[in-house]
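Asker:
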Amino acid sequence: MHFFAPDMGIDLGSSNTLVYVKKRGIVISEPTLVVVSGTNKKQVQSVGDEARRVLGRVNDSKTIIRPIRNGAIADFDMTTLLLKYFIRKAIGASNVIPPKVVISVPAGMDDVNRRAITEAVQRAGVKKVYLVEKPFAAALGSNLPVYDPIGSMVVDIGGGTTDAAVVSLGGLVVSQSIPVGGAKMDEAIINHIKREFNMLIGDRTAEDVKIDLASAMPALEDRSVRIRGRDLLSPQAMDIEYTSRQAYMAVHEPCRAIVAAIRWVLERTPPELAKDIMRTGIHLTGRVAQLYAMDQYIASELGIPVLIAKEPGDCTALGLGYIVENMAMLQEQGHMPSQA
Numbered sequence: 004m005h006f007f008a009p010d011m012g013i014d015l016g017s018s019n020t021l022v023y024v025k026k027r028g029i030v031i032s033e034p035t036l037v038v039v040s041g042t043n044k045k046q047v048q049s050v051g052d053e054a055r056r057v058l059g060r061v062n063d064s065k066t067i068i069r070p071i072r073n074g075a076i077a078d079f080d081m082t083t084l085l086l087k088y089f090i091r092k093a094i095g096a097s098n099v100i101p102p103k104v105v106i107s108v109p110a111g112m113d114d115v116n117r118r119a120i121t122e123a124v125q126r127a128g129v130k131k132v133y134l135v136e137k138p139f140a141a142a143l144g145s146n147l148p149v150y151d152p153i154g155s156m157v158v159d160i161g162g163g164t165t166d167a168a169v170v171s172l173g174g175l176v177v178s179q180s181i182p183v184g185g186a187k188m189d190e191a192i193i194n195h196i197k198r199e200f201n202m203l204i205g206d207r208t209a210e211d212v213k214i215d216l217a218s219a220m221p222a223l224e225d226r227s228v229r230i231r232g233r234d235l236l237s238p239q240a241m242d243i244e245y246t247s248r249q250a251y252m253a254v255h256e257p258c259r260a261i262v263a264a265i266r267w268v269l270e271r272t273p274p275e276l277a278k279d280i281m282r283t284g285i286h287l288t289g290r291v292a293q294l295y296a297m298d299q300y301i302a303s304e305l306g307i308p309v310l311i312a313k314e315p316g317d318c319t320a321l322g323l324g325y326i327v328e329n330m331a332m333l334q335e336q337g338h339m340p341s342q343a
């Protein structure tokens, strides 16, 4: 026998997944990772936090799967399994089904990928699915006046994508989603170290370097960390000193791509809304918004004030949570997203 649970919002990201449960808030924030084993790679060993603990440490019998890449489903079966796991963990029971789930998708996602996400959520046991574009949810979670007749700009820099959008009157006026985010920065650091030092490091080490050293603008004081990796010229391990200046050089291209996406949106924004944005600034959300000097870099390139949201990594989930908590009111006002 199935019982109904509270409605929930799911921020399904390429790097992290957050789950908001009605009346409880954010109850899950874990990596979007699955570890599988077996000849057919279908035996699930761990999901989320448990999967991250073995990142870079698995043997040939196990494989780490990232079911979401660049904001879209890369492995349908594993996405369904991951959603089912997180939904059950959030509820605390396996025989309880949330009647409605509001889930985030990148801005401008095509119909094929939207249908794939809808079907994955339904296969996880949910009957009613509502899709909300990520920058709108992030703006809502940042307490921006998204339903008012003024323009607000939000730039959500996540693990797999960056979504830049101008929001007004309950919708996106102009938006752009690019496959550049934290994962591209990690990849850039891996490639830079490989090119400069003939050393290979793993994803987790690259992420640690990004968090500890990388910056969108040159740091005033050059710092360094010691990194261990595999020597590509011999079968042995090796150590290097890696500096903040080198980390800045590694992530500069992804940062430039993010600014280019923001500029593209601004160039297509109606003049009256652009005037609002010049006054209220650009609002950064997403975990990578906390990259050192990212706000300063965007402001210096575009000449517009830039503000980082409070708890930027939670904004999208909090925006979905607002919708979950206020469905009846939003329906009455004509602001409720349509069912997928």
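In our numbering, the protein residues as written are 4 to 343. The beta carbon of each residue, even a glycine, is placed where N, CA and C say it ideally should be. This one's a predicted model, so the numbers in the text were calculated from it and none came from an experiment.
Is it a yes or a no for the segment 147-156 touching the segment 125-133, going by three-plus beta-carbon pairs under 8 Å?
Answerer: no
Asker: Using alpha carbons as the reference points, say which of 216, 136, 30 and 106 lies closest to residue 122.
Answerer: Here the question's residue 122 lines up with position 119 in the sequence shown. Selected option, being the one with the closest Cα: 106.
Asker: Can you list, in chain order, the residues of its chain with a C-beta nearer than 6 Å to that of residue 232? Leave out the 5 residues immediately preceding and following it.
Answerer: Looking up residue 232 in the sequence shown gives position 229. If we look at residue 232 and ignore the five residues flanking it on each side, its Cβ neighbours are 202, 203 and 204.
Asker: Could you give the first and the last residue of the continuous alpha helix (DSSP H) run that contains residue 214?
Answerer: Counting from one through the sequence shown, the residue named residue 214 turns up at place 211. Segment 206-215, the alpha helix (DSSP H) holding residue 214.
Asker: Taking the beta strand (DSSP E) that residue 332 belongs to, which residues open and close that run?
Answerer: Walking along the sequence shown from the start, residue 332 turns up at place 329. From DSSP, residue 332 is part of no beta strand (DSSP E) but of the alpha helix (DSSP H) over 330-336.
Asker: Whole angstroms is fine: what's the gap from residue 112's alpha carbon to residue 240's?
Answerer: The residue labelled residue 112 in the question sits at position 109 within the sequence shown. The residue labelled residue 240 in the question sits at position 237 within the sequence shown. Their Cα atoms are separated by approximately 42 Å.
Asker: What residues match up with residue 108 in a beta bridge as DSSP calls it?
Answerer: Here the question's residue 108 lines up with position 105 in the sequence shown. In the DSSP output, where bridge partners are listed per residue, residue 108 has 136.
Asker: I'd like the span of the beta strand (DSSP E) that includes residue 148, first residue to last.
Answerer: Here the question's residue 148 lines up with position 145 in the sequence shown. Run containing residue 148: none; DSSP gives neither H nor E here.
Asker: What does a CB cutoff of less than 7 Å around residue 243 pick up in its chain, not counting 5 residues either side in sequence?
Answerer: Along the sequence shown, one-based indexing puts residue 243 at 240. Here the set comprises 200, 202 and 230.
Asker: Do residue 50 and residue 30 come within 8 Å of each other at the CB atom, strictly closer than that value?
Answerer: Along the sequence shown, one-based indexing puts residue 30 at 27. Along the sequence shown, one-based indexing puts residue 50 at 47. Cβ distance not < 8 Å, so residue 30 and residue 50 don't count as in contact.
Asker: Using the beta-carbon count (16 or more within 10 Å), is residue 332 buried or exposed?
Answerer: Working through the sequence shown from its first residue, we reach residue 332 at position 329. When all chains shown are included, residue 332 counts as exposed.
Asker: Between the Cα of residue 212 and those of 184, 183 and 249, spot the shortest distance and give me the residue it belongs to.
Answerer: Numbered from 1 along the sequence shown, position 209 holds the residue referred to as residue 212. Of the listed residues, the one whose Cα sits closest to residue 212 is 249.
Asker: Look at residue 323 and residue 41 and say whether their C-beta atoms are less than 8 Å apart.
Answerer: Taking the first residue of the sequence shown as 1, we reach residue 323 at position 320. Taking the first residue of the sequence shown as 1, we reach residue 41 at position 38. Going by C-beta atoms, residue 323 is not nearer than 8 Å to residue 41.
Asker: With residue 234 as the anchor, note down where its beta strand (DSSP E) starts and where it stops.
Answerer: Reading the sequence shown from its first residue, position 231 is the one you call residue 234. Note, residue 234: beta strand (DSSP E), 227-234.
Asker: Rounded to whole angstroms, what's the CA-CA distance from residue 298 to residue 56? Just pull it up for me.
Answerer: By one-based count along the sequence shown, residue 298 stands at place 295. By one-based count along the sequence shown, residue 56 stands at place 53. For residue 298 and residue 56, the gap between their C-alpha atoms comes out near 31 Å.
Asker: Who are residue 255's beta bridge partners in DSSP?
Answerer: Here residue 255 refers to the residue found at position 252 of the sequence shown. Residue pairing from DSSP leaves residue 255 without any beta-bridge partner.
Asker: For the segment 327-341 and the segment 284-291, state whether three or more C-beta atom pairs, one from each stretch, are separated by less than 8 Å.
Answerer: no
Asker: Could you tell me whether the Cβ atoms of residue 264 and residue 165 are closer together than 8 Å?
Answerer: As a position in the sequence shown, residue 264 is number 261, starting the count at 1. As a position in the sequence shown, residue 165 is number 162, starting the count at 1. A contact, by the Cβ cut-off of 8 Å.
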